[in-house]
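Protein chains in written order, with our numbering: chain A, 1 to 318; chain B, 319 to 636; chain C, 637 to 954; chain D, 955 to 1272. Glycine included, each C-beta is placed from N, C-alpha and C at the ideal position. Worksheet: one structure, shown below.
4 protein chains.
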Amino acid sequence: MCTAISYKNKDVYFGRNLDLERGYGESVVITPRQYIFQMRRAKSMASHYAMIGMATVVDEFPLYYEATNEKGLSMAGLNFPGNAVYYEYDDKKDNITPFEFIPWILGQCTSVSEAKQLIRKINLVNINFSEQLPLSPLHWMISDKQCSIVVESLKNGIEVYDNPFEVLTNNPTFDYHKINMSNYMGLNVGPANTQFREELPLYNYSLGMGALGLPGDFSSSSRFVKAFFVKENSVSKDEEESSVNQFFHILNSVAMPKGCVWTKNGFEYTRYSSCCNADKGIYYYTTYNNLEIKSVNMHCIELDQSCLYTYEVMGLDS
Amino acid sequence: MCTAISYKNKDVYFGRNLDLERGYGESVVITPRQYIFQMRRAKSMASHYAMIGMATVVDEFPLYYEATNEKGLSMAGLNFPGNAVYYEYDDKKDNITPFEFIPWILGQCTSVSEAKQLIRKINLVNINFSEQLPLSPLHWMISDKQCSIVVESLKNGIEVYDNPFEVLTNNPTFDYHKINMSNYMGLNVGPANTQFREELPLYNYSLGMGALGLPGDFSSSSRFVKAFFVKENSVSKDEEESSVNQFFHILNSVAMPKGCVWTKNGFEYTRYSSCCNADKGIYYYTTYNNLEIKSVNMHCIELDQSCLYTYEVMGLDS
Amino acid sequence: MCTAISYKNKDVYFGRNLDLERGYGESVVITPRQYIFQMRRAKSMASHYAMIGMATVVDEFPLYYEATNEKGLSMAGLNFPGNAVYYEYDDKKDNITPFEFIPWILGQCTSVSEAKQLIRKINLVNINFSEQLPLSPLHWMISDKQCSIVVESLKNGIEVYDNPFEVLTNNPTFDYHKINMSNYMGLNVGPANTQFREELPLYNYSLGMGALGLPGDFSSSSRFVKAFFVKENSVSKDEEESSVNQFFHILNSVAMPKGCVWTKNGFEYTRYSSCCNADKGIYYYTTYNNLEIKSVNMHCIELDQSCLYTYEVMGLDS
Amino acid sequence: MCTAISYKNKDVYFGRNLDLERGYGESVVITPRQYIFQMRRAKSMASHYAMIGMATVVDEFPLYYEATNEKGLSMAGLNFPGNAVYYEYDDKKDNITPFEFIPWILGQCTSVSEAKQLIRKINLVNINFSEQLPLSPLHWMISDKQCSIVVESLKNGIEVYDNPFEVLTNNPTFDYHKINMSNYMGLNVGPANTQFREELPLYNYSLGMGALGLPGDFSSSSRFVKAFFVKENSVSKDEEESSVNQFFHILNSVAMPKGCVWTKNGFEYTRYSSCCNADKGIYYYTTYNNLEIKSVNMHCIELDQSCLYTYEVMGLDS
């Protein structure tokens, strides 16, 4: 499971926790403008916006978990089992596989509004990357400097939701999370204000009691609520270092420590956390085993190129 | 407010989050064996166990927030406003000021059991460090490699509680936290098991639903519950790096991001997090502004000395 | 707001709490078979199944809150503000006003399955009963002896959901309640089973701790969860008196005492609670001011008639 | 387990739910002034205030569950397993058995303040009523027209607490409930007020959302919170019928339907609910099987008598 957020301070930051029980050889990957995206059922993209993000590279193809392009548009895929439905080939649509979806959008769009245009024509087609790499059930958050949307391919087709919370986790569908947030609208960062007679011995025995009821478990609905509460109330100086640092504090508040979430395949934990300055194209990350913030700047390399740039991620379990 | 924990893996680790709205010039401080602790109402300690921890040094006196001695005994003071009561001088007791309490215990004891002996004779006497530095209302957790206790100086005298949870936060008194934990005894790291008829459409839409109900706000009672849940379920390799890393993940899960806890004096946040390997005397820490783990090893210096060793803490706000 | 349930013991019982801040002259009303339902945009029903339930009679028309017909089919309308959408006249559909919906279904159907057939052809047309009596935003639960469905007329048309919980309250839409119930799937009527080490001092200090987390506020989502928990776990003898009695205990557990739910128009409270033995056509009720169970048996009167039978409800505030 | 409350409207009302899995032959019992209370270790009371309440009469002795005396002082015993400690005979104290405690106080006191005087001298002595009737572990609420106290005989002796909530349930000790109530101080009967930016789509989808977080399970800590919330917010006309009716609505909101609380000995449920007008000496009750309110007026009989008056309770399971 995962948590993605878009956070505005002076610049705009986009990132996520990737929560899994094992790794898939993740690298920080910069796709330059002339890298040729060979598409399965659409024509290849030979020239497009450059992008940076975390990906597993297989057969020279960057399978992005999330990425940001040089125009400041960002997109992340998050696990969505049981709800994601992919479709047969449809000759009236742009047939894009789920693993091509991030490059397709980030390669061509500069904004959420442009992304919406493309999505209207898309059919997310059910073609596995390979026999060994079947499709993951995903939904996506796409954010620019103004706003965010969520894209879900459901049994009745693609749904695009405006996402004013600018947070995404996993199941249930986004419309559930949207309603569920209203259950927490009264939570605040100050003390609780008594609603009873003054003479009753009710008091704030601790700081922070105005937020009693904020969930702290690791389910996707609870992470959604907590990540939003922390992000929305965040206070940080404008400087890059403070902003990036605050972003990781937000992600830490909903991270999964090893041992807390058991699956049949082992314990799920936050393998990495990322934070991309969408204005500057700098990708920051930490890993479970290395809490120091590392960074890669897409503008430090030649973007008019055709070969992927991959950077080893420090501190990842294999 | 704060959260202290003792965590056993191959070695034993003791540490805490220090949550405050401002700083007091904290340093990592090693007090060597011959440093003379001048006591206000007890005879000075001229020879004692060496200790390492975080302290504000004023007039050459180390005001420890928490520390570990060379025998592996650790002790932390945590905010306890409204409940802590300090007393007038009592000539039948050892009159120790609250700010001398950590040195007094760690200077003389090798274990919780020895600490209990000393505490029986102690009167926590209400003498301010100085006019500018009045006493803080505190309670304490003391941990050795086997177990932990909590010490509270209340209106009816000193209470010493066994603390099998090996977690401490702030108000209310420890006996409240102890009972309150029973409200969460059914939470687990796996899926929720339905208690209803199988044919009903109830399902684990997310991982982690066995822990629904775990609180995520920043009140002291909620941090107690969550810190214990995460620590108790923690899974980590035995190696030092994995263990220390896991310790900080536990602390991160109950840390206070800036903006989430408002006080009249500003936002309270986790200024630093610490983790001391109590077996090896290595003190690790991170700060709000610098998430990289730094360390100081007390055995790398000469302990048969009389002058404090102080180490600047990187990344602290002033 | 309201809570409706269908409860199976030896017989099947259907009923509800009606929660409002004021009254509308409710009576128990039996509509016999030859009463002529004059429909606004459909042909009148001159011969139909007889039905019994609570209604406000205006201009000789029974505006049913809920009713049960002689075949054991039951239907209740519940407040659904903000979500209910009624439509313009559609000449390809059966145009039924919301206030005609209960008679239309109960007059013609013997089962949920038959009701589903009719609903497929229905357009809920936005015609007020009168200028003084505008339409209420409602959704409906329909139950027979086997199962229940929920009918919602939403902005995208009519949705019919199978409702295996056989409970309905108010907003949000039913699909929210359905997912939300999964958050409570682990609650049970026994003790909590500790998930931690046995030696920790965690214990069931009270009976009933296996259900900690069951909500007790009066919001529609919380009443849904609690009503289902209580109904599903209910234990009762088969006899009529025990069954009816148990039914009212279930409704009491989610009833609104005066003062607990404030609205701009006064306090909302449970004006009446009803329980109809759907097999026998006996309608039981209690009112806020009179907790004694009263009853009216539809088979004690002549059903081959054309005039409404109305019975004053004892204990109703005006 | 049980719930006792004292509720002030024009008159003062005291009562409780008795939650048990079986019955003990309860009757409404009036003890007139000259009935001789034979005490086990204190001198007998041959003349005392008359009292009315629910009791099991064994060997002509009224074992009161709760009662009110002719001066308007009321007292109820509630289950307190694991915490109640009764003591050996102490010749410096008034040695009163737990089953004599209600008569001892109500026979001699006109107010809580007088009761406190007597309690200071009491030792609750561990003498069983008989071999077949061992002592129940109990704590007590005592209420007059102004205020309430709680009496607990604990391992460190008798504790008397002021109880401004005027509610009592069961474990843990009263000081836990007192602190725990502060966790709910922000709950109110109106809508939730959003603490986030106005433009976010957060809204009160239902009435009653200001009380989200109010617990609805049947544990003693949750019943304490809910009973207080409902009682404190109750709105009722001054008249006797409205007041009594409202009292039962409060008790219904924390009553135990059959099937919801499982014990090794069967399901615990609310066998009876009582409400005594403490000013007028009228005892009202309902039973699980008979929700109609019945009453017995102590002033309708001759109180200068020596024989118990017992009234069969309608609707009780054996």
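Going by DSSP, what residues sit across from residue i in a beta bridge?
i	result
E795/C	E788/C
S1015/D	The identity of residue 1015/D in the sequence shown is Phe, whereas the question assumes Ser. V1012/D, per the DSSP bridge assignment.
I142/A	M75/A, I149/A
N413/B	N441/B
M369/B	T349/B, N387/B
M594/B	The residue asked about is misnamed: residue 594/B is Cys in this sequence, not Met. Note: C594/B sits in a beta bridge opposite F332/B, Y601/B.
Y905/C	L656/C
F673/C	M681/C
Rounded to the nearest angstrom, what separates residue i and residue j at their Cα positions?
i	j	result
S466/B	L850/C	34 Å
G107/A	K576/B	36 Å
V507/B	R223/A	15 Å
N731/C	V761/C	6 Å
M393/B	N204/A	27 Å
V787/C	F536/B	42 Å
L1262/D	P986/D	7 Å
Y1242/D	E975/D	12 Å
P827/C	F514/B	15 Å
S1197/D	L472/B	43 Å
I763/C	E702/C	20 Å
I497/B	V330/B	26 Å
Y1138/D	V1179/D	8 Å
F1034/D	P399/B	31 Å
K636/B	G343/B	Just to set this straight, residue 636/B is Ser in the shown sequence, not Lys. Approximately 7 Å, taken between the alpha carbons.
T428/B	E558/B	23 Å
Tell me the DSSP secondary structure of residue i in three-state form.
i	result
V871/C	coil
S1176/D	helix
M75/A	strand
G82/A	coil
K8/A	strand
N511/B	coil
M298/A	helix
V261/A	coil
L106/A	helix
E948/C	strand
L927/C	strand
D175/A	helix
L251/A	helix
Y1159/D	coil
E724/C	coil
M999/D	strand
Quick one: measure Cβ to Cβ for residue i and residue j, integer angstroms, because I've assumed they're closer than 8 Å.
i	j	result
K729/C	K757/C	6 Å
M141/A	N156/A	Not really, about 20 Å apart at Cβ, beyond 8 Å.
F865/C	A847/C	7 Å
T899/C	L654/C	About 15 Å; that fails the 8 Å criterion.
E802/C	I641/C	6 Å
S931/C	I918/C	6 Å
M955/D	S1174/D	5 Å
G341/B	L634/B	6 Å
L1017/D	A1009/D	5 Å
L1092/D	L1154/D	Going by Cβ atoms, the distance from L1092/D to L1154/D rounds to 51 Å, so no, they are not a contact pair.
Worksheet item: When Cβ atoms are compared, which residues of the stretch 171-183 of chain A fall closer than 7 Å to chain C?
Response: P172, Y176, I179
Worksheet item: Given a limit of 8 Å on CB to CB distance, which residues of the stretch 509-525 of chain B reach chain C?
Response: A510, N511, T512, Q513, F514, R515, E517, L518, P519, L520, Y521, N522, Y523
Item to complete: Anything in the stretch 207-223 of chain A with a Cβ closer than 8 Å to a Cβ of chain D? List those residues in chain order, please.
Response: M209, G210, L212, G213
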